[in-house]
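Here the structure is laid out as structure tokens; the discussion comes afterwards.
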Amino acid sequence: MRYQHRTAKGASVADGDLLHTKQVEQEYGINAGTLRFWRSTDQGPASFTLGPRGRVVYRRSEIERWLAEQEQATRRGGGDAA
1 MRYQHRTAKG
11 ASVADGDLLH
21 TKQVEQEYGI
31 NAGTLRFWRS
41 TDQGPASFTL
51 GPRGRVVYRR
61 SEIERWLAEQ
71 EQATRRGGGD
81 AA
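What the sequence shown shows, in the UniProt record's numbering, is residues 1 to 82, in sequence order.
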């Protein structure tokens, strides 16, 4: 997604910060159908709709936060005894 968006508080969203479902699939390997299912069941990384057509977008930072959370919750091995 290549555009500059201003939030309600006037902060600018950097280029590449917002990703469409297909971009998430391409960059992170999460199937678009899985993302749609997670969205419909209130699971997965946070997303929102943008514009009059209601296009679903994800913040890159939210995807990476969610992935790190999943890794921490399910990590096994690696020699770190808890």
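No residue lacks a Cβ here, since even glycine has one placed at the ideal position from N, Cα and C.
Being a predicted model, the structure only gives us computed values, none of them experimental.
Through-space distance from residue j to residue i, alpha-carbon basis
{"i": "A11", "j": "G79", "result": "Confidence is the limiting factor: at A11 the pLDDT is only 40, short of 50, which leaves the residue's position unreliable and the question unanswerable from this model."}
{"i": "G77", "j": "R53", "result": "45 angstroms"}
{"i": "G29", "j": "Q43", "result": "17 angstroms"}
{"i": "F48", "j": "E71", "result": "23 angstroms"}
{"i": "Q23", "j": "R65", "result": "17 angstroms"}
{"i": "V57", "j": "H20", "result": "5 angstroms"}
{"i": "S40", "j": "A32", "result": "12 angstroms"}
Residue of the options minimising C-alpha distance to residue i
{"i": "L18", "options": "W38, G51, D42 and G77", "result": "G51"}
{"i": "E27", "options": "R75, A68, T74 and I63", "result": "I63"}
Quiz item: Which whole runs of the beta strand (DSSP E) in the UniProt domain "Helix-turn-helix" (19 to 70) are 3 residues long or more, in chain order?
Solution: 48 to 50 and 55 to 59
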